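Note sheet for the following structure.
2 protein chains.
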Amino acid sequence: MTDYDAELHKKKMQKRKELQTELVSSKTETKGLVMVHTGSGKGKSTAAFGLVFRNLGYGRKCAVVQFIKAPEWQTGERKMADHFPDLLEWHTLGEGFTWDTQDKQKDIASCAKAWDVALKLLQDESIALVVLDELNIALRYDYIAMETVLDGLRNRPAMQHVVITGRNAKKELIDAADLVTEMNLIKHHFEAGVKAQKGVEF
Amino acid sequence: MTDYDAELHKKKMQKRKELQTELVSSKTETKGLVMVHTGSGKGKSTAAFGLVFRNLGYGRKCAVVQFIKAPEWQTGERKMADHFPDLLEWHTLGEGFTWDTQDKQKDIASCAKAWDVALKLLQDESIALVVLDELNIALRYDYIAMETVLDGLRNRPAMQHVVITGRNAKKELIDAADLVTEMNLIKHHFEAGVKAQKGVEF
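In order, the protein sequences belong to chains E and S.
Okay, so the first sequence: first residue is 5 according to the numbering used here, each after it adds one.
Okay, so the second sequence: first residue is 5 according to the numbering used here, each after it adds one.
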C-alpha cells in the first residue's frame with residue numbers, strides 16, 4: 005500500500021465515521037423490545053439463548069419458557085440453569101412435537117399451561133429478558149389465541165425484553181414486534197447425512 | 005373438536021411420525037462442523053454465543069476470538085468468561101470498526117495477530133467449539149487470506165465445531181462450510197429511533 009492509498013483510505017474512513025456518528029446520535033430512545041426470530045433456518049432459539057448469555061453476563065435475571073420441547077429431552081442450554089440458580093429460570097413445558105403427541109387436545113392443554121407461566125414472567129419487572137421459545141408454533145396452530153399473547157406483551161414492564169422464536173411467525177406478531185429477524189437456510193449438514201449432535205442442535 | 009377430528013389429527017400425525025423417523029434414521033454421521041452465520045440481520049454473533057451457552061451447559065470447553073470488536077468495548081458476553089474460567093477463553097483482539105481506526109495497516113496487523121490466536125485454538129482438541137467472530141469482515145477486505153483460513157479449518161481436530169460470523173461471507177468459505185445460515189432483517193428497532201442497548205446489542 006502506497007502513502008497515497010493509505011491517505012485515501014483514511015479520508016474515506018473519516019467521512020464514514022462522520023456519517024456513522026450522525027446515525028448513532030439520531031437514535032436516542034431506550035425501551036424493552038419485542039424481538040421475533042423466525043424463518044426455517046437454524047439459529048432462532050440459539051440466538052435467543054445468546055441474548056440470555058449476554059444478559060447473564062450483566063447479572064440480569066432471565067427466564068425461558070419452552071412451549072414445544074418436552075422436559076424428557078435433555079439439552080445443554082437447560083443445564084445452564086443449574087449454574088445460575090438466582091438469575092436464570094427455565095421452564096420446559098411442551099409435550100414434544102405434534103407428531104410425537106398425536107393428540108391435539110393434549111397439545112392445546114400444555115400450551116395453555118405454558119402460557120400461564122409465561123404471563124407471570126411478563127408481569128415480573130425483576131426479569132430483564134423473557135424467552136418464549138417456539139411460541140410461534142403454538143400460535144400458528146391456534147393452540148393459543150394471538151390476542152391473549154399480544155395483551156400479555158402490551159402489559160409487561162416497559163423495560164423488559166422479550167424474544168419469541170419459531171418458524172412461520174404470524175403477521176399480527178410481526179406488526180407488534182420491534183425487531184424481526186428471519187433465519188434462512190443456505191446450506192445444512194443434515195443434507196449431507198450428518199445427524200443432530202450434542203452442542204449443535206441441543 | 006369432534007371425535008372424528010381428533011381421530012383424523014391422530015392419523016395424520018402418525019403418518020408424519022413415520023416419515024420423521026425415517027428421515028432421522030437416514031442421518032448417521034457425527035463430525036465437527038464449520039458453521040457460518042452471515043447476512044445483514046441481527047443474530048449472527050448472538051447465535052454463536054448461544055452455541056457457547058449450550059456447550060458450556062455440557063461442561064465443554066469453548067473459545068471466542070473477536071476479529072473486529074475492540075477490548076475497550078465492554079459487552080455482557082465477555083463478562084461470562086469470568087463465570088467459566090476453566091471452560092471459556094475469550095480473546096477480543098480487534099481495533100474497532102474500519103471507520104474508527106482509519107488505518108488500514110493497523111487493521112491488517114490486528115487481524116493477523118487475532119488469526120495467530122485462532123490457529124492455536126484450531127489445533128487444540130480439548131476445545132469443543134471455536135467462535136471466530138466477525139472473521140468474515142477480515143476476509144472480505146482481504147486482511148487475512150482465504151487460503152490461510154481454509155487451511156486452518158481443514159487441519160483442525162475432527163470433532164471440533166467452528167462458528168464463523170459476519171456479513172458478506174465469501175463463496176469459498178460457504179463452499180467449505182457444513183452449515184450456512186443467513187440472518188435477514190425483516191424489521192429493526194433502530195429504524196424507529198431506538199438506540200443500541202445493554203443486553204440486546206452488547
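Virtual Cβ for every residue (Gly too), placed ideally from N, Cα, C.
Predicted model, so just to flag it, every value in this text is computed and none were measured.
| query | result |
| --- | --- |
| Pick from S:His87, S:Leu126, S:Lys73 and S:Gln24 that is closest to cysteine 115 (chain S), judged by C-alpha positions | S:Lys73 |
| Nearest-angstrom beta carbon gap, glutamine 164 (chain S) and valine 184 (chain S) [assumed within contact, 8 angstroms] | Contact doesn't hold; Cβ gap of about 18 angstroms is too wide. |
| Phenylalanine 194 (chain E): contacting residues in chain S (beta-carbon distance under 8 angstroms) | Lys31 |
| Segment limits, beta strand (DSSP E) that includes lysine 65 (chain E) | 65-70 |
| Nearest-angstrom Cα separation, counted from glutamate 138 (chain S) out to leucine 154 (chain S) | 16 angstroms |
| Length at least 4, wholly inside the stretch 98-144 of chain E: the alpha helix (DSSP H) runs in chain order | 102-105, 108-125 and 139-144 |
| Residue-level contact to chain B via CB, glutamine 24 (chain S), 8 angstroms cutoff | Among the protein chains of the structure shown, namely E and S, there is no chain B. |
| Own chain residues within Cβ distance below 6 angstroms of alanine 85 (chain E), not counting five before or after | Leu92 and Trp94 |
| Under 8 angstroms by beta carbon: chain S residues contacting valine 198 (chain E) | Lys31, Glu33, Thr34, Lys35, Leu37 and Asp182 |
| Limits of the unbroken beta strand (DSSP E) element including leucine 157 (chain S) | Not the beta strand (DSSP E): leucine 157 (chain S) falls in the alpha helix (DSSP H), residues 150-158. |
| Residues near glutamate 176 (chain S) by beta carbon distance below 8 angstroms, same chain, minus five either side | Met150 and Leu154 |
| Counted within 10 angstroms of its Cβ, other Cβ atoms place serine 30 (chain S) as buried (16 or more) or exposed | exposed |
| Rounded separation between glutamine 106 (chain E) and glutamine 24 (chain S) - CA only | 13 angstroms |
| Closest Cα partner of arginine 64 (chain S) within the set S:Tyr8, S:Glu22, S:Lys15 and S:Ile131 | S:Ile131 |
| CB contact flag (glycine 203 (chain S), tyrosine 62 (chain E), <8 angstroms) | yes |
| Terminal residues of the alpha helix (DSSP H) in which threonine 50 (chain E) lies | 48-61 |
| Cutoff 8 angstroms: aspartate 104 (chain E) Cβ touching any chain S Cβ | yes |
| Beta carbon proximity, isoleucine 168 (chain E) to chain S, threshold 8 angstroms | no |
| Backbone secondary structure at methionine 39 (chain S) - three-state DSSP | strand |
| Distance, threonine 96 (chain S) Cα to glutamine 78 (chain S) Cα | 10 angstroms |
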